[in-house]
Each structure stands twice: as structure tokens, then as C-alpha cells.
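Numbering (the working numbering), first residue to last: 20 to 242.
What follows is the structure, given as C-alpha cells:
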């Protein structure tokens with residue numbers, strides 16, 4: 020139901036990994052389900068239970084998979100509800116973390132054009148590199164996410180960091196011909212730094228706070 024390459028490509032963080040892992044399993048489940056039995060559902064449940072045991076998550080579900088079909092139907096529907104609820108909580112938590120840790124700034128139009136050119140070059144480099152299809156697709160998704168961020172009115176820098184980590188990971192695993200992509204990313208990071216500095220410079224200066232005059236001394240008090 021899930022390949023070793025897909026497992027290797029999961030994010031390092033527990034919550035991020037769960038969201039990505041469950042998405043793969045759910046897609047495969049929807050493709051494999053039929054009216055002939057519960058094999059696809061049992062495999063989905065087994066994979067989810069294995070993940071939450073390893074990562075020490077509590078879904079508050081029974082680990083005993085029913086053998087009876089009618090009982091299994093009820094069990095599986097409740098299981099999906101628990102998984103969906105946990106997944107929503109995970110995504111909300113991740114969104115809160117991104118807002119707390121990410122740097123947000125405006126990227127001017129000329130910078131957007133420069134970054135777009137670098138991303139086009141990265142796509143070509145990745146397309147021609149010696150990579151597994153799953154790793155190539157994962158990097159392409161990162162590139163599209165960064166392009167989406169650059170096209171926004173306000174850009175979040177962590178998208179570039181994510182792409183950097185994916186490409187660096189691929190190089191560390193022996194992928195060839197990806198060094199030029201890192202060089203392009205370095206140029207993008209420099210553009211981000213310049214755009215951030217310019218955005219900060221455009222912010223209005225803080226208003227000067229009125230100071231409370233010091234209390235009058237005894238010499239100032241008329242008699």
C-alpha cells in the first residue's frame with residue numbers, strides 16, 4: 020500500500036509525516052476499495068495503527084480489528100472519523116507553527132521575475148537529474164509551493180527552506196547533477212534577504228511616545 024521510497028520521502032516532523040502518510044494511504048484506499056471484502060480497509064487501519072504506535076500518537080481507537088463484516092463496517096467508519104479529526108488538529112497545529120516561525124515580507128515585481136527564472140532553471144535541473152520518480156515529484160511539489168508563495172502579495176520564506184532541505188536530502192542520498200539547483204536556491208535566498216530588507220525599510224517609523232514630565236521639585240512650588 021505504501022512503498023519504501025514514499026516512506027523515505029515523508030517529512031521529518033511527526034505531524035507533517037502523519038498528514039503526508041495518511042494522504043497516501045487514503046488515496047490508495049479509495050483506489051482499492053470494492054464490495055468483495057474488507058482487505059483494503061484492514062490494510063489502511065493496520066498501516067495507520069503501526070504509524071501511531073511508532074510515533075506515540077493517541078487516536079483513541081481500538082487496535083482490535085473486527086473479523087465480522089457488519090462490525091467492521093461500524094468500526095471502520097468510526098476509525099475514519101477519529102483519523103480525520105486528528106488530521107485536522109495536526110494541520111491546525113502546523114499552521115500555527117508556520118505563522119509563529121515564518122518570516123513574511125513583500126517581494127517586488129522585479130524580484131518575482133528573477134525568482135521565477137531561477138525556479139524554471141531548477142525544474143530543468145531536477146528533470147534531468149538522476150532521481151527516483153517519487154523524489155523528483157516531491158521536489159517538483161516544493162518548487163510549485165515556492166512559486167505559489169512568491170506569487171502571493173506577501174511571501175513566507177519557509178517555502179524556500181523546505182525546497183532547500185529536499186534538494187540537499189536528495190544530494191545526500193547520492194543524487195547526481197543537483198549542485199546547480201543548490202546554487203540557484205542560494206541566489207533565491209539572497210533575493211529574499213534583499214526583498215525583506217527593503218520591505219522592512221518601507222515600514223513607518225514608530226510614533227514617538229509622549230513622555231510624562233517629571234514631578235515638580237520643591238524649588239518650583241510657589242509659597
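Each residue gets a CB set at the ideal place from its N, CA and C atoms; glycine is no exception.
Quick caveat: nothing in here was measured; it's all calculated off a predicted structure.
Judged by DSSP in its simplified three-state form, residue 33 adopts helix. One Cα belongs to residue 122, the other to residue 85, and the distance between them is close to 48 Å. Under the DSSP assignment, residue 129 falls in the alpha helix (DSSP H) whose first and last residues are 128–147. Counted as a single uninterrupted DSSP element, the alpha helix (DSSP H) harbouring residue 73 occupies residues 58–74. Remark: fewer than three beta-carbon pairs, one from each stretch, lie closer than 8 Å, so the segment 172–190 and the segment 43–63 are not flagged as touching.
About 6 Å separates the beta carbon of residue 40 from that of residue 70, a gap short enough to meet the 8 Å contact definition. Approximately 6 Å separates the beta-carbon atoms of residue 169 and residue 131; this is inside 8 Å, confirming the contact. Around the Cβ of residue 182, a 10 Å sphere holds 16 or more other Cβ atoms; the residue is buried. Excluding five sequence positions before and after residue 135, the CB atoms of its chain that fall closer than 8 Å to its own CB belong to 166, 169, given in chain order. In this structure the segment 184–193 does not touch the segment 213–222; the number of beta carbon pairs closer than 8 Å is below three. Between the C-alpha atoms of residue 126 and residue 179 there is a straight-line separation of about 13 Å. Per DSSP, the continuous alpha helix (DSSP H) segment holding residue 158 begins and ends at 152–170. For residue 123, the secondary structure class from DSSP, reduced to helix, strand or coil, is strand. Listed in chain order, the non-local C-beta contacts of residue 27 below 7 Å within the same chain number zero, local neighbours out to five positions each way being set aside.
Per DSSP, residue 116 has no beta-bridge partner at all.
For residue 174, the secondary structure class from DSSP, reduced to helix, strand or coil, is strand. Approximately 11 Å separates the beta-carbon atoms of residue 105 and residue 74; this is outside 8 Å, ruling out the contact. A residue is called buried once 16 or more other Cβ atoms fall within 10 Å of its Cβ, and residue 145 is buried on that count. C-alpha of residue 97 to C-alpha of residue 140: approximately 47 Å in a straight line.
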